[in-house]
Each structure stands twice: as structure tokens, then as C-alpha cells.
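A.B. asks: Residue numbers (my numbering): 91 to 384.
#1: Please state the DSSP three-state secondary structure of residue 277.
#2: Going by alpha carbons, who is nearest to residue 331 out of 247, 296 and 373?
#3: May I ask you to report which of helix, strand or coil DSSP gives residue 195?
#4: Any contact of the stretch 230 to 244 with the stretch 272 to 285, i.e. 3+ C-beta pairs under 8 Å?
#5: Can you name the residues that DSSP bridges to residue 260?
#6: From what residue to what residue does the alpha helix (DSSP H) around residue 169 run?
#7: If distances are taken between C-alpha atoms only, which option among 369, 133, 194 and 148 comes closest to residue 164?
#8: Which residues does DSSP list as the beta-bridge partners of residue 163?
#9: Nearest to residue 244 by CA position, among 291, 147, 290 and 206, is which residue?
#10: Leaving aside the five residues before and after residue 329 along the sequence, list all residues of the same chain whose C-beta is less than 7 Å from its C-beta, in chain order.
#11: One question on the structure: do residue 196 and residue 218 come within less than 8 Å of each other, judged by their Cβ atoms?
#12: Which term fits residue 297, buried or exposed, when burial requires 16 or more other beta carbons within 10 angstroms of its beta carbon?
#13: Looking only at its chain, what residues have a beta carbon closer than 7 Å to the beta carbon of residue 119, apart from the 5 residues adjacent to it on each side?
#14: Quick check on the burial criterion: 16 or more other C-beta atoms within 10 angstroms. Buried or exposed for residue 202?
#15: For residue 128, does the three-state DSSP call read helix, strand or coil?
#16: So residue 184 and residue 192 are in contact, right, with Cβ under 8 Å, and what is the actual spacing, rounded?
Pasting the structure below:
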């Protein structure tokens, strides 16, 4: 809750500072001189509500939707040796990481992968695929579980949601400012909004949305390095490296797009597509772990 409060306070402060700066530089006065009637304060509030609203709703239902999308079955009472080992391993790691016991689940998929999600550190979900259990040794599965538990301990799901909310806010705000300016100054609409506003707003929102997603994906990649480091501390550096090496040998695109950022491994890409990757290349992650020993 402290992390959420501080992040929200920071973002509210950013919005207030932005509003003050726009007023100090006379932006509203310039708009008035050009005959552009635009209430920036109301627009900021509107953008913040819608920018954060969708992100928080997604976070609130993240566990429910993850179970629905993957068909993950939560282990309430271990029924075999594998489930017992999984449950106890996550319990031990959660205790060492200082978080509440997450729900532990298994979902049916041939590719080795795992994910963690949830709105609260003490009520998260950690799930592994059947492919992970079949293709990895226990010490490697232990490292993957430690990686996911580290995501929960780091509060990554909440922080990523808040960052998404911030960029959503600015995309909504600036796309409408641009649409309004073009509608008034270029299309000379004097009252209300003409077709030019909606067309320009949609185009601006698409372009700004693409740029904003680069910021979100950059953060997503950085948190993977932190989760790898956390996994190495909980399970051992060599186990974490071995698990990532094993992931290099297979195809790891088993998770739905909505969950790809929360998996142990993401889609591969090159060139400009790297800017939109949720995960760094496995070679870079392995190299970062090897540097931890020096």
C-alpha cells in the first residue's frame, strides 16, 4: 500500500505540476488569443480518470482473467508429489521474500513457461505450465518459481499498472489537445467539435500510444533483470542461469498476449521490434546474472 500511495502521489503531483507549468507559460492565454476554448484542468482530470481507470480494472481482475485465459488450476490441496513440492517450494520462497503465500497453479501447455500476477503482494498467483514441469529439472523449476516470487515481492504488477496509467493519461490528454488545436486553427470549427477533431485525435492517440508503449516495454524489460537477480538470491545464481539456458532451447510463446509481460520468457524480436519486447533477450539476462558473480 505504501508503494501504491507513493506512486499515486507522484503521478498526481506530475499532473499538478504540468497544469501549473502550462498556466505559467501562458498556454491557456495563447489558446484564448487564438479563439481556442480549451479547459486544460478539466481535460487533465478526464485523462487521469480514464488513463488510470482501465489499468486499475485490469489489475483488479488480473488473477481471475489469468486463470480463465490459461485454464490454470489452483492447488488447494496437493494431490501428488509434484504438487506438494511446488506448493512447499513457493511457500518457502514467499517466506524468504517477505510476502504472503501466493496461490499456486498449474496450466496445461506444452511450452515451458510460468507467470505471476495479482493486485496485492500478499494475495498473488504463481502459475507454471505442464511443459515447464516436464522439460526442466527440479532445480531449474525452483529458479523459475523464485523469479516469479521475486516479481511479486518487487510489486512489479502494481508498478507496471501504474506506469501504464501514467502514459495512458498523457496520451489521452495530448491527443485531445492536438485534436482540439487542429480543429480550431486549421478547420476553423467555432463551436463544439467537427470531424477534424475526432480524426486528428484518433491519429494522435495511435501515434502517441505507440511511443508510450515503448516506455512501458522498457520498464517491463528492466523488471525482468531485477526478477532474475531476485530469483538468483532465492534459488541460487547457477540454477537461475541453468533455467534461462533451458528456455533458450524451446519456444516460449505459450502465454496469451495479455499475460506475456508476466511470463518468465517473452516473444523474440529483432531490429525496431526490440523496442516493443516485454522481456530482454535471454542471452542478455544470462550475461547480467554472470556479472553478479564478479
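In this text, a Cβ means the ideal position worked out from N, Cα and C, and glycines have one as well.
C.D. replies: Taking the geometry as given:
#1: Coil, per DSSP.
#2: In this structure, 373 is the residue among 247, 296 and 373 with its C-alpha nearest to the C-alpha of residue 331.
#3: For residue 195, the secondary structure class from DSSP, reduced to helix, strand or coil, is strand.
#4: Per the Cβ contact rule, the stretch 230 to 244 is not in contact with the stretch 272 to 285 (fewer than 3 Cβ pairs under 8 Å).
#5: Answer by DSSP bridge pairing: none, since residue 260 is not bridged.
#6: First-last for residue 169: undefined, no H or E at that position.
#7: Comparing Cα positions, the closest option is 194.
#8: Its beta-bridge partners are 196.
#9: Of the candidates 291, 147, 290 and 206, 206 places its Cα closest to the Cα of residue 244.
#10: Counting only Cβ-Cβ distances below 7 Å, and skipping sequence neighbours, we find 229, 230, 232 and 233.
#11: The criterion of a C-beta distance shorter than 8 Å is satisfied by residue 196 and residue 218.
#12: Residue burial is scored here from C-beta neighbours: residue 297 has fewer than 16 other C-beta atoms within 10 angstroms and is therefore classed as exposed.
#13: Residue confidence for residue 119 is low, a pLDDT of 48 falling below 50, so the modelled location carries little weight; the figure read from the coordinates is stated next. None.
#14: Under this definition residue 202 is a buried residue.
#15: DSSP, reduced to helix, strand and coil, places residue 128 outside both helices and strands of the structure shown, so it counts as coil.
#16: About 6 Å separates the two Cβ atoms, so the contact holds.
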